[in-house]
Structure formats: C-alpha cells, structure tokens
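Numbering (the working numbering), first residue to last: 119 to 354. Scroll down for the structure; my scribbles are underneath it.
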Amino acid sequence: MIFSRIREEIANGMSVQQTLEDGIKGFCGQEVRVAGAGRTDAGVHALGQVAHIDLEDEVRSDTLRDAVNAHMRGHPVAIVEAEQVPDSFEARFGAIRRHYLYRIVNRRAPLTLDAKQAWLVHRPLDAEAMHDAAQALIGKHDFTTFRSMQCQAKSPVKTMDRITVSRYAEEIEITCEARSFLHNQVRSIVGTLKLVGEGKWTRRDVEKALNAKDRAACGPVSPPDGLYLVRVDYPD
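The following block contains the structure:
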C-alpha cells in the first residue's frame, strides 16, 4: 500500500481523483482506486491531501512519486511525498485531525495574483470580533445549522477542536481543526463569521444559530475560492 501527500488545485473539469488514477495507470498499467482522506468541492484547494492506493507490484516510493507526477504533467496536481504503509492504513478513517485554512482579502481593490485563491470582501471586517464569536463553536455540538443539505454524514454531531481568526494587514485567515467535518461546514462557518465582522451579527447571534440546529439559521455560505485543506494528521 502506498500513502501519498498530494497538492491539488483542480477547480473544474476532470477530478483530482481521476487525474491521479490515470497517472498511476500510465505509469504501471494498473487500474487502481485512489482513496483520499476527504473530498474537496470544486474550487477548493488542497495543499496536504492524503490518499492511499494498493499496487500489485512493489515499487520504490520516490519512483512512484516522480513517475506519476510525470504522467500528470499539464494538470495542477502533484504528489509531494509517497511512502509504503501497512495494509491496515486508511487515508480517510485513520485520520485523527484535519486542518483547514480560509483566506479572506479585505480591501476595496480587486484581486490580481490571488484571484480564485481567496475571498475578496470589500467592507471592513473586525477580525477580533470574528475570533471571539468563533469560540462559541468550539467543542462537541450538533452542527446541523452549518451542514449542507446534501451532506451524507450519518450524524451532524462533530467536535471542533480549534478555530482562530487572525488579521495580517489586508488578509484575514480563519483556521479550523477537527477530526472530521461536515459537507460545507467550514464555508458555512466563515460566511456566518463574516456577518460578525461586518457588525451585523454578534457572538450571541452565532450561538443562537448553532443552537437552532436549522440550516435556515446559517449565514451565507462563503465561496470555495478561499478554502484550503492544509494538513491531515495520523497517529505516529
């Protein structure tokens, strides 16, 4: 079994999974199913996606990485690291924590180099108020309010380990850490915190939305452009 850390940035067209599977087939002729640590919506970026595959023949990890990357040339997907792992390893179910980053550029001028890499918000945002309100979401909760109607998770109950909101000049970074997330959970949280940053909502409003356990109580869902899966952690 091969474990890979992958950088992926495909927004439209062929999926990252299909690109990887085609690249592996081009290298060794074997049709495999790539099992990832999690799914990312179209337009969402992954700097540290993790996936595993089962190969019939043993192959050096660095050879696999370089050869498959060569076959994926022309696509914005790359295997950054690969290594052999026990057959019991599961990229999705073995993860103990996932780290997400959401980038907001808070200014009047349009995006240039960051186009499709961040969410441009023109109105001034209070990052400190956003951070304070985000702390109401820490811990084990029913996150139905922040869950997509298309979410296939068996339960809306999740444990949010950490949320931070920090400003660096004109950029606001929101980080979320948990073992697992619901579909659209991070983007729903970010859209809600934006209302706090604009002064339209308070921390109490966020608490009421969470306790409502009602999708209609959520703020607007933020666009996928600013969301990044940064890292997936596994037991040592």
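Virtual Cβ for every residue (Gly too), placed ideally from N, Cα, C.
Taking a 10 Å sphere around the C-beta of valine 223, we find 16 or more other C-beta atoms and assign the residue as buried. DSSP links alanine 245 through a beta bridge to no other residue. Burial is judged here by how many other beta carbons sit within 10 angstroms of a residue's own beta carbon; methionine 278 has at least 16 and is buried. Listed in chain order, the non-local C-beta contacts of glycine 344 below 7 Å within the same chain comprise Tyr220, Arg221, Ile222, Ala236, Trp237, local neighbours out to five positions each way being set aside. Here alanine 213 carries a coil assignment [DSSP, helix/strand/coil]. Ranked by Cα distance from histidine 170, the options Val150, Arg178, Ala185 are led by Val150.
Counting only residues of its own chain and dropping the five nearest sequence neighbours on each side, aspartate 250 has a CB closer than 6 Å to the CB of Arg321. By alpha-carbon distance to valine 283, the top candidate from Arg216, Lys276, Ile292 is Ile292. Its Cα nearest to that of valine 152, the residue Thr137 stands out among Thr137, Met267, Thr262, Leu255. For aspartate 260, the enclosing beta strand (DSSP E) covers residues 257-260. Annotated three-state conformation of histidine 189 is helix, per DSSP. Between the beta-carbon of aspartate 244 and that of glycine 309 there is about 16 Å, and that puts the pair past the 8 Å contact cut. In terms of Cβ geometry, valine 314 and alanine 254 do not form a close pair [threshold 7 Å].
Taken through DSSP and simplified to helix, strand or coil, alanine 160 comes out as coil.
Taking 7 Å as the cut-off, the Cβ atoms of leucine 300 and alanine 334 do not count as close. With fewer than 16 other CB atoms across the displayed protein chains lying within 10 angstroms of its CB, isoleucine 256 is exposed. In the DSSP annotation of this structure, leucine 173 is not part of any alpha helix (DSSP H), being labelled neither H nor E.
Residue ranges of uninterrupted beta strand (DSSP E) with 3 or more members, entirely inside the region 226-312 and ordered along the chain, are 237-239, 257-260, 275-286, 289-296. In this structure, DSSP gives glutamate 199 an extended state, which the three-state scheme calls strand. Per DSSP, the beta-bridge partners of aspartate 351 are Arg215. Beyond the five residues adjoining it in sequence on each side, cysteine 294 comes within less than 6 Å, by CB distance, of Tyr218, Ile281, Val304 in the same chain, given in chain order. Per the coordinates, the alpha-carbon of serine 340 lies some 9 Å from the alpha-carbon of asparagine 302. Burial is judged here by how many other beta carbons sit within 10 angstroms of a residue's own beta carbon; tyrosine 286 has fewer than 16 and is exposed. The beta-carbon separation of alanine 296 and arginine 215, rounded to 7 Å, stays under the 8 Å limit for a contact.
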